[in-house]
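Here this note's numbering is used: the first residue of the sequence shown is 188, the next is one more, and so on.
The beta-carbon is built from N, C-alpha and C at its ideal position, and this holds for glycine as well.
Scroll down for the structure; my scribbles are underneath it.
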Amino acid sequence: MKSGYETEKPEVSVPLSVAKDLDIYPDLPADYKVVEYRSVGGKPFKVFLLQDFVEVRVEDKVALADLIIVEEEGEVLFNDKLIDALNIVIESAGKGLWRFREEERIRESVA
């Protein structure tokens, strides 16, 4: 489980390839927006934003989230608000270990 960024609302970032696999891209919904984000180093980049677009499900936990499509990204990323909405606790970010807040069972991230 990785979180590389913070936003005001739950959000999931997907690579262009995943958006294509899900038949979201290139035929984006009419209400999509192109917005500017900044990398860790401050470099600006554009993303496609689809607000309140996807229900993210992890086992029996479900959260409504914005979806952003990032051309240069290679992984699916959950932001801080989405991780909280799904009651996920990151136990070891480097090892990919996590659990649900109400459980003690430690899980491993899926490749």
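Member of the options whose CA lies at the smallest distance from the CA of residue i
i      : options                        : result
Glu284 : Ala272, Leu273, Asn274, Val297 : The sequence given here has Leu at residue 284, not Glu. Selected option, being the one with the closest Cα: Val297.
Glu290 : Glu193, Ala217, Lys248, Leu236 : Lys248
Gly281 : Glu295, Val227, Val257, Thr194 : Glu295
Gly228 : Tyr192, Lys268, Leu269, Phe265 : Tyr192
Ala217 : Leu237, Ser226, Arg244, Lys230 : Leu237
Residue i, DSSP secondary structure in three states
i      : result
Val201 : strand
Lys233 : strand
Tyr224 : strand
Met188 : The predicted model places Met188 with a pLDDT of 45, which falls under 50 and marks its position as unreliable, so this point remains unresolved.
Distance CB(residue i)-CB(residue j) smaller than 8 Å
i      : j      : result
Val183 : Val222 : With the chain covering 188 to 298 only, the question about residue 183 has no answer from this structure.
Phe232 : Tyr224 : yes
Pro202 : Val257 : yes
Test: residue i CB closer than 8 Å to a CB of chain D
i      : result
Phe240 : Checking the listed chains, one finds no chain D in this structure; it contains a single protein chain.
With a cut-off of 8 Å, do at least 3 Cβ pairs link the region 248-261 to the region 192-212?
-> yes
Starting from the N-terminal side, write out each stretch of the alpha helix (DSSP H) that is 4 residues or longer and does not extend beyond the region 238-290.
-> 267-272
Decide if the region 276-283 is in contact with the region 204-215; the criterion is three or more beta carbon pairs, one per stretch, under 8 Å apart.
-> no
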